[in-house]
Amino acid sequence: MDILQILLNGIVLGSLYACIAIGFSLVWGVLNIINMLHGSFIILGGYLTFFAWQYSGMNPVVILPIIAIILFGLGYGLQYFFINKVVMAPVLTTLTLTFGLDMILYNLMTVLFTATPRRVTLDLGTLSVGDLYLPIDRLLGMGLALLLTAILFLVMRASKIGRAIVAVRMDRQAATLMGIRVNHVYAITFGIGALMAGAAGAIFSMVFPITTNLTGTFLGKAFVICVIGGLGSVPGALIGGIALGMIESIAGYTIGPQNATTVGFVLMLILLVVRPTGIAGVKGYE
Amino acid sequence: MTEILRLENVGKQFGGIHAVNNVSFSLEEGEIIGLIGPNGAGKTTLVNLITGVHPLSSGKVIFAGEDVSRQQAFQAARRGLARTFQIVQPFPKMTVLENVAAGAMFGGGSTSVQEAMVLAREELEFVGLAHVADTAASSLALPNRKRLELAKSLAMRPKVLLLDEVNAGLNATEIDGALDLIRKIAARGVTILIIEHLMKVVLSISQRILVLHHGELIAQGDPRTVIEDPQVVEAYLGSKFAARVKAESHHA
Amino acid sequence: MKQLLCFGAFALWVAMIAATPLLADNYTIRIAISVSMFSVMAVSWNFIGGFTGYPSFSTAAFFGIGCYAGAIAQRNGVPLVLAWMFATILVAVFAALLGAIILRLKGHYFAIGSIAIVELTRLITSSWGSLTGGGDGLNVPLLQGNPQEVAGLVLYVMLGILVLAFVTSVYVDRSRLGFGLKCISQNEDAANMVGVNTTAFKIVAYTLSAVFCGAVGAVYASWVGYIDPTDSFSILLTLKVPVMVLLGGAGTLLGPILGTGVFILLEEIFWANFLEWNRAILGGIIVFLIFFLPNGLLKIQYLQLYAAVSRKLSIGSSKSGAGS
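Here you go:
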């Protein structure tokens, strides 16, 4: 295969990966929580998009924001009513709690949706330039993923809530003194995390078949990307996502697709030990 | 007197910044030495270098004739180089007795838990905390936490004890108590390096004084000589204070 | 006195489990095996997660490597018991080497790293087809004897490992090692300062948390006769074991055993009655545990609870008495 084609595939995949990981990274970076629900949020977003598309026939690009808002509400509620109660507890507690919540959500999904792989088929054809081939649905997915990433970046940078999140992350106590409702901000943060996951799931459902069996896979990708890119920053997650997409694409071609994921995990472990702040090395949230 | 600890051209850089630069001095067995200097002079960093918390960037630390420049913190503790922290570091959920026993067990080389407990009780007597031996360390008020820290260090059977601001946050009466205790420790033959902000305290207890400024040792020697050193006055004391101390010492 | 009570309770529990082949049906024996096996893993996890306070989630990696090492050794002609021992030793060495690397991490990073180990071992096992059979799994030579005898044998071996693990944990709890681990869990820097070789202590704790898991993994593989990567390196297992310990009481001697017993009992009830919702109910138990039993069953002040409840009841009855 052509090297350009491999890189192109890597970038497309990487943009989707970035979208998967951003919400996870935000929640980890701001709330200090490893959110085991993240994979299920993604799949939930994907399934809801599929069923909404199937029953209403609306364009999935229109459905996506609705799904994202639903996921935001779910995330906000979970954080506000449950996770906030133990948000300062050690990682063992918070991780276990989100895992318990995930078991419930996962079970609900398998019962309601079954594990059948679902995919929104758009039949947009394939774009070819010279030797390069790219299915247009993937191109669309990449565009949407990058757009969402850019929007989140702007929200974090410029909006009032974005600044409040940054303030809470930097100094919870000072933020409280300044009149920021920390619990509300935490819930919004977690909501945004879920929103991004849901949106990523919606995008994925237009590009690949999704099934509940993939929750763990997506969660694993989020781990790897966060460690590669560093925590809690939008550019970090973008860099990490694209890096992982490239690595998997190249590894898939050179040593076989069945080993591509393994390479990601190995790299992650090495980075964890050698450079836990990630390649981008950003510690603070910007 | 024999030399117990010697620093040779010790330096430490954090990302290009010289936190400690080319510091050399030595401690004689049994003496009490004061280490003073303005905030950020590198006093705590120096203690961290001596006890293996940070690796040295340059120079050597010689302890009891042995080059210990590359030791780790736990090795320093076992060798007999104990220290206290500016911000006290108890094991919060353990009892006061267990805290001290931890010092006896790992730093002091007790072979069994029972032996460590016995030793710990002696040290608690010594610092005057025997009555709270079985309460949780986290429930102690600050002065007693400082005493606990001392007892824990003493249980490690130290040859040299580095005291980092043991008096910070204490009132005048409590400081007097603490100084008595430090003298009692010195009487046991433990060499003491004390970091201290209050000049009066340093002057009253130290046999020699080291002055650190911007990571460099700018003066060392007899307390009276050091505080009259123009460089020390300039860098740290301020001329007013120097004059006052001088006046007081004349009256005395 | 308290210690005696602890040992007595443990001995009684072991005796009860050991009696199942004489008294109960195959289904109950299977549960007894499962209880013993998970108890071993819970007691093991307690070394690193309970005593040392490190949020380790690598149990399934140790268990899975134990499964595969035992199975592969047997398939290559190693006698049964030797194969089990080989698996145990291999897992111990693996954990010691791995520990030297990942125990530099703390908190969230350690948690993520330890979960990643499970994923990584699973992926490697899946793709190393020539050795492990890949995703198709591996048949393990069956144990000799009729099903009843096999189940009995497996149960007693598992119980033997449990006794060994428990005795080790009692020893560690009383020894210098345990003291040092508790220091590390409360303040690692301070532990280092009083002379605890924290690196070495943590590696020992991590290895102890692995070695018995490797052993039960190998025995499990022989029992079920077939293993595959998803089943052996299961994320569910790696998270379930800490939950069992938390349920009983982390850092205590009996907590892991009590927690495992209660957890598996609940799990069996839910499996039998709400098959479809089994996972959600377990999730619900975890959520309940985190909010209402954060210190586990052993650390509840039962006397106070009893006093409070009886006070409530007596108020309730006197009220109803007044009403009638």
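Protein chains in written order, with the numbering used here: chain Y, 90 to 375; chain C, -5 to 246; chain G, 5 to 328.
For glycine and all other residues, C-beta sits at the position ideal for the given N, C-alpha and C.
None of these values were measured; they are calculated from a predicted model.
With burial defined as no fewer than 16 other Cβ atoms inside 10 Å of the residue's Cβ, what is the status of residue i: buried or exposed?
i: Asn80 (chain G); result: exposed
i: Gln214 (chain C); result: buried
i: Val371 (chain Y); result: At Val371 (chain Y), the pLDDT of 45 sits below 50, so the modelled position is not reliable; the number obtained from the coordinates is stated separately. With 16 or more other Cβ atoms within 10 Å, it is buried.
i: His125 (chain C); result: exposed
i: Arg218 (chain C); result: exposed
i: Leu153 (chain Y); result: buried
i: Gln143 (chain Y); result: exposed
i: Tyr175 (chain G); result: exposed
i: Val151 (chain Y); result: exposed
i: Asn150 (chain G); result: exposed
i: Ala65 (chain G); result: buried
i: Leu8 (chain G); result: exposed
i: Phe14 (chain G); result: buried
i: Leu309 (chain G); result: exposed
i: Thr(-4) (chain C); result: exposed
i: Leu221 (chain Y); result: exposed
i: Gly219 (chain Y); result: exposed
i: Gly259 (chain G); result: buried
Can you find a C-beta in chain Y that's less than 9 Å from the C-beta of residue i?
i: Leu142 (chain G); result: no
i: Ser328 (chain G); result: A caution first: Ser328 (chain G) carries a pLDDT of 37, below 50, which makes its placement in the model unreliable, though a value can still be read off. No, its Cβ sits nowhere closer than 9 Å to a Cβ of chain Y.
i: Ser213 (chain G); result: no
i: Ala209 (chain G); result: no
i: Ser134 (chain G); result: no
i: Leu250 (chain G); result: yes
i: Arg108 (chain G); result: yes
i: Glu271 (chain G); result: no
i: Trp275 (chain G); result: no
i: Leu127 (chain G); result: yes
i: Trp227 (chain G); result: no
Write down the C-beta distance between residue i and residue j rounded to the nearest angstrom, noting that I regard them as a contact closer than 8 Å.
i: Leu115 (chain Y); j: Thr278 (chain Y); result: 6 Å
i: Leu190 (chain Y); j: Phe171 (chain Y); result: 7 Å
i: Ile44 (chain C); j: Ser200 (chain C); result: Not a contact, Cβ separation roughly 17 Å.
i: Gly209 (chain C); j: Ala13 (chain C); result: 5 Å
i: Ile3 (chain G); j: Thr185 (chain Y); result: Residue 3 (chain G) lies beyond the residue range present for chain G, which begins at 5 and ends at 328; the question has no answer from this structure.
i: Ser48 (chain G); j: Ile121 (chain G); result: Not quite, the Cβ-Cβ distance comes to about 15 Å (not below 8 Å), so this is no contact.
i: Gly117 (chain G); j: Leu109 (chain G); result: 5 Å
i: Gly46 (chain C); j: Ala67 (chain C); result: 5 Å
i: Val144 (chain G); j: Ile231 (chain G); result: 6 Å
Beta-carbon of residue i versus every beta-carbon of chain G: anything under 9 Å?
i: Arg72 (chain C); result: yes
i: Gly215 (chain C); result: no
i: Gly102 (chain C); result: yes
i: Val180 (chain Y); result: yes
i: Thr351 (chain Y); result: yes
i: Leu(-1) (chain C); result: no
i: Gln168 (chain Y); result: no
i: Phe79 (chain C); result: yes
i: Gln347 (chain Y); result: yes
i: Thr238 (chain Y); result: no
Should residue i be flagged as near chain C, meaning a C-beta pair shorter than 9 Å?
i: Cys217 (chain G); result: no
i: Gln78 (chain G); result: no
i: Ser40 (chain G); result: no
i: Ser179 (chain G); result: yes
Shortest alpha-carbon distance to residue i belongs to which of the options?
i: Val101 (chain Y); options: Y:Ile292, Y:Gln347, Y:Ile317, Y:Asn302; result: Y:Ile292
i: Leu233 (chain Y); options: Y:Val218, Y:Val296, Y:Gly251; result: Y:Val296
i: Gly54 (chain G); options: G:Glu272, G:Ala204, G:Gly255, G:Thr125; result: G:Gly255
i: Gly112 (chain Y); options: Y:Thr210, Y:Met231, Y:Leu320; result: Y:Leu320
i: Phe67 (chain G); options: G:Thr234, G:Trp275, G:Leu297, G:Phe267; result: G:Thr234
i: Asn93 (chain C); options: G:Ala46, G:Ala195, G:Ala73, G:Leu159; result: G:Ala195
i: Glu143 (chain C); options: C:Thr185, C:Asp170, C:Gly10, C:Val82; result: C:Val82
i: Thr110 (chain Y); options: Y:Ile359, Y:Gly334, Y:Val362; result: In the sequence as presented, Thr is not what sits at residue 110 (chain Y); that position holds Ala. Comparing Cα-Cα distances from Ala110 (chain Y) to each of Y:Ile359, Y:Gly334, Y:Val362, the minimum goes to Y:Gly334.
i: Ala332 (chain Y); options: Y:Cys315, Y:Ile132, Y:Asp212, Y:Ala157; result: Y:Cys315
i: Tyr210 (chain G); options: G:Asp193, G:Asn282, G:Phe237, G:Gly182; result: G:Gly182
i: Ile155 (chain Y); options: Y:Gly318, Y:Phe307, Y:Phe139; result: Y:Phe139
What are the start and end residues of each continuous beta strand (DSSP E) run of 3 or more residues lying completely inside the region 182 to 216 of chain G, in chain order? none
Alpha helix (DSSP H) segments (min. 4 residues) lying fully within the region 269 to 297 of chain Y: 271 to 296
For the region 184 to 207 of chain G, enumerate the residues whose C-beta is nearer than 8 Å to any C-beta of chain D, in chain order. Here chain D cannot be found, since the structure's protein chains are Y, C and G.
Can you give, in chain order, each stretch of the alpha helix (DSSP H) that sits fully within the region 30 to 106 of chain C and has at least 4 residues? 37 to 44, 67 to 73, 90 to 96
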